[in-house]
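This report refers to the structure that appears directly beneath it.
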Amino acid sequence: MSANSLPEGAAVWHSLEVDKALDLLDSNADSGLTPQEIQQRLQKYGPNELEETAGRSTWEILLDQFKNIMLLMLIGVALISGLIDLWSWRSGTLKPGEVPFKDTIAILAIVILNGILGYVQESRAEKALAALKKMTSPLVRVIRDTRLVEIAAKELVPGDVMLLEAGMQIAADGRLIEQSNLQVRESALTGEAEAVNKQASLKLPEETSLGDRLNVVFQGTEVVQGRGKVLVTNTGMTTELGKIATMLQSVESEPTPLQQRMTQLGNVLVTGSLILVAIVVIGGVLKDGGFKNIQELLEVSLSMAVAVVPEGLPAVITVTLALGTQRMVRQNALIRKLPAVETLGSVTTICSDKTGTLTQNKMVVQSVFTNNKTFRVIGEGYAPTGDFQLDGQKISLEASPEISALSVACAICNDSVLQKEQGDWAILGDPTEGALLTLAGKAGIEKDQWNSKLPRVREFPFSSERKRMSVISQVEGVATGDASSRGVDPAIASFLQSEPYLMFTKGSPELILARSTQIHLGNDTDPLTEAQRQNILTQNDLMASKGLRVLGFAYKPLAEIPPEGSDEVSEQGLVWLGLVGMLDAPRPEVRAAVQECRDAGIRPVMITGDHQLTARAIATDLGIAQEGDRVLTGQELQRMTDQELEQNVDLVSIYARVSPEHKLRIVQALQRRGRFVAMTGDGVNDAPALKQADIGIAMGITGTDVSKEASDMVLLDDNFATIVSATKEGRVVYTNIRRFIKYILGSNIGEVLTIAAAPLIGLGGVPLTPLQILWMNLVTDGLPALALAVEPPEPDVMQRPPFSPRESIFARGLGSYMIRIGIIFAIISIALMWWAYQHTHAAGYQGDRDTWKTMVFTTLCIAQMGHAIAIRSNNRLAIEMNPFSNIFVLAAVVVTTILQLMLVYVPPLRDFFGTHYLNLQELGVCIGFSALMFVWIEAEKIFLRIMGKKAV
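Residue numbers for the sequence shown follow the numbering used here, so the first one is 430 and each next one is one higher.
Here's what the structure looks like:
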């Protein structure tokens, strides 16, 4: 078969016999490929590398920031203002001491600052693919042309024969030809930490899920022990790792809800501004009967355009989100992409991995069956402290000696070590064996002590073919010549008569039971009856149905040490001890977090690569699902169309044995149903789904670099409860963003209407210059808005459903509030402006006739201070609130008022900003009019209270 006719499908190799796979790839297990075949296949398939598609360049990202409609309008305003200043400068009509182009420079500076802020948020390069590339092995050993050679991994081609040994990172996908005790850690792909025992002789069904393909190996996974010979079947982008790279690069980044709302806000503001500008210009031209005052009308229009754009808003939002990230870090949630802070508040569905996030990632024994009794084991993690319960009652070990006997087997037939590190108990070795040591510790059996009582003299190690392990120990009391059992610990005294050795065996319950002929009951050993066998098998099935991993234990007294390789003969005639069922136990705090999710209208969903029985047991225990709820497996999901999955996705809360593309499809189906999805993950397999999700959440402890780079947020403690805390913070941030948007835009509307009214009611000139408006928007609006951004949360923030991520920025009364307050603001300001104009143009007035403009400027600024104090709560009056619960608002009001007065009373600032000195009477009038804003908002709250309504 030529290279050009090689099969393209990757999903079939596990369903083929080894000889058939070799035949399809025209390869030989002993001699490999010839140089000519290698060259042909390199040309057809290319190098064994992950390919990267081109993304946006740095310059493209930067230029995209200036496509924002509000910034485009400001650029236009700056250019027109510059042209007017240039005309005035050349025609000599500039006022004495006036600095030309200062408005243009100030506006362009704001445009550039906002562009840089946007660029900084967006320019974080996607490094997920780079992290993925690091998972490929640099060198690999292969058989080529009958010789063993070491080549660069990128030179591998389909049909190569690759050799594996412990510690290697696998460089390509392949079908096992042969193996010896081969264990591969596939957690990066499947998400499950336990190493997989590989078997070359298997032939599996085509629909076998990724985690169950025991006869193939995958690129990027790691050989834990053993060795193997592999036929390379897929390289580069056709490997499972390559498919993940393809999915990563195909996922389009969607704008966050906040970005969508800001775009909508910009469109509305600019459209409204242009309509108002047109009305003012047309109205002015009609009123004057021509274009003789066109420059004045243009200046009014420019001021209105600057007034309508909340120049300080992007900076305030950026700082608010940054403050949110700091608070989240203190709760063990690291935000990688700033908009994700607010986005968390919109989450409606949390899709969580099981291992390590919902569970402790620590195997814990839950149940023991011995002496025809089922004991429940109490305790957390690897700590060797806890109780044994029978029918809900704590039992003493003296009354149940069979527990101690079984615990000795757990401790002796064990290669792991339990130790205390920095106050926490940890395992060196296999997590399953660690759980057995913890069980023994709860029964008072310490491995170190028992190693001296029963020193190991021989072992028959575990292998995937044998599915069991045996340890032969010397019984010290007998070996020293004590013929009675007095020198033997009471826990095993009933095991022995005069034999000097004991063999302990553990493994698959069915296999251990089949090799047992007797049973240990209490302190007696009796023949094993058929009824007892059936009872044990029934208990085994019952434990397995609860999602427990079950091991069987037995022992055998020996007169002598059995010879090497005699395991088949020696492991016969065993004495059955009992069953031990263990589980990766749920984190204790997760149950409360799941309930908090439900109270907040958020649906938790479990998506795992683990078996469905285990997934169901954990999900039911935590409250994610109810008894009898459907579990959707990867095989069932594979057979579903996208439409069928979309119809079922709201009905299923548990997904088991899923592969990377399944996770991506689940997220996409939820999104098509209008759900706003947070997705957790730690493995390479999770990266595409993390990137597709509205919020991708990677694990900080167990997570791969690939998953972290694809995520929006990293859980520093890998804890589901942290997601719920972060979601609460996201809701608080969004509430505060809405609060200061109301504050800022209410005043902006008032400014625009005030400026527009000046020429229409016959007042000469523009009341506010663009520079003064920038001052208001950046300083007198900006500082209090920043203070409002740290307003403490309302007590019921997690007692309500999430607000729709697709709701308008003007939803729930925000738009009507802005218009209403803007109109009231304008009425107060226009009334003041009319009075001030008459006052400064009255006969005998000693000051500058343009002082009325400074009075308007000052009134607008100080009125905003009262607005800031009143808007802290939608329903409570200012006098009902503790002013020191947000000391920043109080400080911002004081500082901003002082700065505003400096513009009026400090000569250099007065000259630069074009203001005029106000006497005490004029300042008092400004403060009086400003106070009306505060009074109105407080009166609204009283009115709504009387009417029995609650503002949102």
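C-beta atoms are modelled at their ideal positions from N, C-alpha and C, and glycine is treated no differently.
Asked                                                                                                                         : Found
Contacting residues, own chain, Cβ-Cβ under 6 Å from Phe1363 (five flanking each side not counted)                            : Gly1295, Ala1299
Inter-stretch contact at 8 Å, needing at least 3 Cβ pairs: the segment 507 to 520 / the segment 693 to 711                    : no
Continuous beta strand (DSSP E) stretch holding Thr778: start and end                                                         : 778 to 781
Residue of Pro1222, Leu1192, Lys1137 minimising C-alpha distance to Asn1165                                                   : Pro1222
Residues near Leu643 by beta carbon distance below 6 Å, same chain, minus five either side                                    : Lys627, Gln628, Leu631
The segment 672 to 684 / the segment 581 to 597 touching (three or more Cβ pairs under 8 Å)                                   : no
Contact between the segment 730 to 743 and the segment 1190 to 1204 (3+ Cβ pairs under 8 Å)                                   : yes
Candidates Ala1265, Ala1214, Gly1244: closest to Glu1318 by CA position                                                       : For clarity, residue 1318 is Val in the given sequence; the question names Glu instead. Among Ala1265, Ala1214, Gly1244, the Cα nearest to that of Val1318 belongs to Ala1214.
Three-pair Cβ contact test at 8 Å for the segment 831 to 840 versus the segment 865 to 885                                    : yes
The beta strand (DSSP E) enclosing His1296, as first and last residue numbers                                                 : Element bounds for His1296: not the beta strand (DSSP E) but the alpha helix (DSSP H), 1280 to 1299.
Nearest to Arg389 (by Cα), restricted to the options Ser638, Pro634, Gly649                                                   : Shown here, the chain extends from 430 to 1381; a query on residue 389 therefore has no answer.
Pairwise C-alpha distance: Asp816 and Arg915                                                                                  : Low per-residue confidence applies at Arg915: pLDDT is 46, beneath 50, and the placement is therefore not dependable, though the value from the model is reported in the following sentence. Computed Cα separation, rounded: 28 Å.
Extent of the continuous beta strand (DSSP E) to which Asn663 belongs                                                         : 651 to 663
Of the listed residues His1345, Asp514, Ile606, nearest to Asp448 (C-alpha basis)                                             : Ile606
For Val793, three-class secondary structure by DSSP                                                                           : strand
Cβ shell of Glu1018 (< 6 Å), same chain only, five flanking positions each side left out                                      : Ala1150
Beta-carbon contacts of Pro1117 that lie in its chain and below 7 Å, excluding the five residues immediately before and after : Ile673, Met676, Leu677, Val680, Pro1089, Leu1093
Identity of the residues DSSP links to Arg1045 by a beta bridge                                                               : In DSSP, Arg1045 forms no bridge with anything.
Distance between beta carbons of Asn969 and Leu1006, contact taken as under 8 Å                                               : So it is not a contact: roughly 14 Å between Cβ atoms.
Extent of the continuous beta strand (DSSP E) to which Trp1005 belongs                                                        : 1003 to 1015
Neighbourhood of Leu1261 by C-beta, 6 Å cutoff - its chain only, sequence neighbours within 5 removed                         : Thr1288, Phe1358
Sub-8 Å separation of Val1382 and Ile513 beta-carbons                                                                         : Outside the displayed range of the chain (430 to 1381) lies residue 1382, so it cannot be described from this structure.
Proximity to Leu1189 [Cα-Cα], best of Leu726, Trp488, Glu959                                                                  : Leu726
Under 8 Å between C-beta atoms of Pro1231 and Thr777                                                                          : yes
Lys985 - DSSP class collapsed to helix/strand/coil                                                                            : strand
With 16 other Cβ atoms within 10 Å as the buried cut-off, status of Arg1235                                                   : exposed
Beta-carbon gap between Pro860 and Lys791 smaller than 8 Å                                                                    : yes
Coarse secondary structure for Ser902, derived from DSSP in three states                                                      : strand
Nonlocal neighbours in the same chain, by C-beta distance under 8 Å from Arg765, ignoring five residues either side           : Arg553, Lys1137, Ser1140, Asp1141, Met1142, Val1143
Sequence-distant residues of the same chain with beta carbon closer than 7 Å to Ala973, five excluded per side                : Val979, Leu1042
Glu1025 - DSSP class collapsed to helix/strand/coil                                                                           : helix
Nearest residue (CA-CA) to Glu1056, options Gln1064, Ile1047, Gly1063                                                         : Ile1047
Beta-carbon gap between Gly544 and Leu500 smaller than 8 Å                                                                    : yes
Beta-carbon proximity of Thr1037 to Gly1002, cut-off 8 Å                                                                      : no
Buried versus exposed call for Trp1281 [16 or more other C-beta atoms within 10 Å across all chains shown]                    : buried
Backbone secondary structure at Trp442 - three-state DSSP                                                                     : helix
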